[in-house]
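If you read the sequences in order, they're chains A and B. The numbering of the first sequence is my numbering, which starts it at 187 and goes up by one. The numbering of the second sequence is my numbering, which starts it at 187 and goes up by one.
2 protein chains.
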Amino acid sequence: MKARKPVKILLTNDDGINAPGLHALCQEMKNHGEVYVVAPDSEQSAVGHAITLSDPLRVQNFYKNDDFFGYAVNGTPADCVKIAYWALEIKPDILISGINLGSNTGINIIYSGTVSAATEGMFLNIPSFAISLTTFTNPNFSVAAKFAAKLSKLILAKGLPQGTLLNVNVPAVQNENEITGVMITRQGRAMYREEFDKRTDPHHRLYYWLTGQKVKLETEPDVDDRAILNNKISITPVQFDLTNYDFLEELREWGINY
Amino acid sequence: MKARKPVKILLTNDDGINAPGLHALCQEMKNHGEVYVVAPDSEQSAVGHAITLSDPLRVQNFYKNDDFFGYAVNGTPADCVKIAYWALEIKPDILISGINLGSNTGINIIYSGTVSAATEGMFLNIPSFAISLTTFTNPNFSVAAKFAAKLSKLILAKGLPQGTLLNVNVPAVQNENEITGVMITRQGRAMYREEFDKRTDPHHRLYYWLTGQKVKLETEPDVDDRAILNNKISITPVQFDLTNYDFLEELREWGINY
């Protein structure tokens, strides 16, 4: 009998290398292959698809509780994937970004460091997915971790199209019986209304905090946020050709010249 | 005769409020309406679509040469647009982000602060475009500035579809006669090969610089980078529904459950 090579799994996130969601994912994925962790040394939420050009990147060994080891990078999630692949020469069979604390749905995915790491994986032709738990409080990562393992196997067996990653959001439930299923969804298009909290500092200078967002959710059941409200795990296939092909034709008829 | 209200124009960028490209754009656009500038107080290149959640934002008045005034924000381009609209209550008829030093084409647009500012404008239903000059050396912004004015008028007359912005790249030429026309393009899909420069610091610690990128350009003439090589101004209509609809159907047939 021929020995099968173990599956190489690269994990990263945007909550930082010390985040419980990453540790829960790592614990689970160790049952399914050879796990490598390369993650930001500090929280990188809402960094979007940033990369670090103006500062040098450093890689440090990070240990926790005797059973967790990873490489901590002083950069963004996208930096972590680039440096894992090109500098640390980790060539994984699959990349998982998460488990993020808080959902990554709708137009917010363009701000998402979690998704950006999976995007970098996709650019390197590594089958990649981002996975998020839709709560900030009392997280229970077990459903998401188990589902990540299941989805990994499916992806490794079936493959993903070039240029496409999966964006997974798992409803926050205390008991896994509450999950009502899995839904293949599209990215919601609902627009947000931002709010700023205007304050005066002790030195009498104004400053602003970006705070709440209000949004009118779409009603179709196959929209990411709507699936989650229905306690379904949402999976959106994501690609990065941003061209609006429909409008492209119309724009040609404007006859713009210089 | 009824007096027409002047067009309100919001300018921003990612090279920072002191960047010559922004000043050239401002100078030109003042001939066409009421110009407001809200831009980062420092360079924010390759920040992607980042927003600032963990630090307070401050707005400072910025003056230069008696004829330039703008609001400088200690945040990203996306922050600038949000704060202009919601906190400074500037409600423009059109938003222009640029003129960026260096091209924003192909998959690189997801790292682009210049494009992210136009995206924020689009989210606020402001007709928006990003404009970049495809050089880092000896920039001559006059062609791009003139073209920005022309395109603004067209957009104000015809409108843009909801959820769509334009991404404009202007070839770097010394003489405007060298421009061979305008082309409506699609975003290139060419993948990059990253390189890291590995060094040792004076304290014997390793560090990395993200450096070169190599790419095999697509050959179709209607790809953004290809149009620029042909000395054409490239205009790509960009939207942010990232769903891969083709693969969505196939993914439904995987029958994933929990």
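Cβ coordinates follow ideal geometry from the N, Cα and C atoms, glycine included.
Does the segment 403 to 421 of chain B come into contact with the segment 269 to 289 of chain A, if we say contact requires no fewer than three beta-carbon pairs (one atom in each stretch) closer than 8 Å? No, the segment 403 to 421 of chain B is not in contact with the segment 269 to 289 of chain A.
State the Cα-Cα distance for the pair G219 (chain A) and V245 (chain A), rounded to the nearest angstrom. Between the C-alpha atoms of G219 (chain A) and V245 (chain A) there is a straight-line separation of about 23 Å.
Along chain A, in chain order, which residues have C-beta atoms closer than 8 Å to that of Q213 (chain B)? None at all; the shortest Cβ gap to chain A is about 19 Å.
Taking Cβ positions only, does P347 (chain A) come closer than 7 Å to chain B? So yes, P347 (chain A) belongs to the interface.
Those runs of the beta strand (DSSP E) which lie wholly inside the segment 295 to 353 of chain A and span at least 3 residues: Runs found: 314 to 319.
What does the alpha-carbon distance come out to for the pair V356 (chain A) and F433 (chain B)? The straight-line gap separating the alpha-carbon atoms of V356 (chain A) and F433 (chain B) is approximately 21 Å.
Hey, could you find the ends of the beta strand (DSSP E) F254 (chain A) is sitting in? Run containing F254 (chain A): 254 to 259, per the beta strand (DSSP E) assignment.
At a Cβ threshold of 7 Å, is H235 (chain A) touching chain E? Annotation note: the requested chain E is absent from the structure, which comprises protein chains A and B.
Minimum Cβ-Cβ distance from G434 (chain B) to chain A less than 7 Å: The question names Gly, but residue 434 (chain B) in the sequence shown is Leu. Answer yes: the Cβ-Cβ gap between L434 (chain B) and chain A drops below 7 Å somewhere.
With a threshold of 7 Å between beta-carbons, can A303 (chain B) be considered close to chain A, or not? Cβ-Cβ to chain A under 7 Å: no for A303 (chain B).
When the Cα atoms are used, what is the spatial distance from C212 (chain B) to M369 (chain B)? Answer to the nearest angstrom: the Cα atoms are 25 Å apart.
Taking the continuous beta strand (DSSP E) assigned at D383 (chain A), which residues delimit it? That run of the beta strand (DSSP E) goes 378 to 386.
Rounded C-alpha distance that separates T323 (chain A) from N294 (chain B): The alpha-carbon atoms of T323 (chain A) and N294 (chain B) are separated by roughly 35 Å.
Report the CB separation of I203 (chain B) from V223 (chain B) in whole angstroms; it is logged as a contact under 8 Å. The C-beta distance from I203 (chain B) to V223 (chain B) rounds to 7 Å, short enough to meet the 8 Å contact threshold.
Checking contacts by CB at 7 Å: is P226 (chain A) closer than that to chain B? Cβ-Cβ to chain B under 7 Å: no for P226 (chain A).
Where K194 (chain A) falls: helix, strand or coil (DSSP): Correct three-state label for K194 (chain A): strand.
Against chain B, does L281 (chain A) count as a neighbour if the rule is that its beta carbon must be under 7 Å from one of theirs? Proximity of L281 (chain A) to chain B, defined by a Cβ-Cβ separation below 7 Å, is not satisfied.
For V401 (chain B) and G292 (chain B), I'd like the C-alpha separation in whole angstroms. Approximately 10 Å between the Cα atoms of the pair.
Which residues, in chain order, does the segment 406 to 430 of chain B contribute to contact with chain A at a C-beta distance below 8 Å? Within the segment 406 to 430 of chain B, the residues whose Cβ lies closer than 8 Å to some Cβ of chain A are I419, I421, T422, P423, V424, Q425, F426, D427, L428, T429, N430, listed in chain order.
Check the Cβ of V368 (chain A) against every Cβ in chain B and list those closer than 7 Å, keeping chain order. Listed along chain B are I442, N443, Y444, each with a C-beta nearer than 7 Å to that of V368 (chain A).
Residue-chain proximity (M308 (chain A), chain B), Cβ-Cβ < 7 Å: Closer than 7 Å: no.
Measuring only from the beta carbon, is I293 (chain A) closer than 6 Å to any heavy atom that is part of the ligand MN? The ligand MN is not part of this structure, which contains no ligands at all.
Would G261 (chain A) and L243 (chain A) be called neighbours here (beta carbons separated by less than 7 Å)? Closer than 7 Å, so yes.
Does the beta carbon of P242 (chain B) come closer than 7 Å to any beta carbon on chain A? With 7 Å as the cut-off, P242 (chain B) counts as an interface residue toward chain A.
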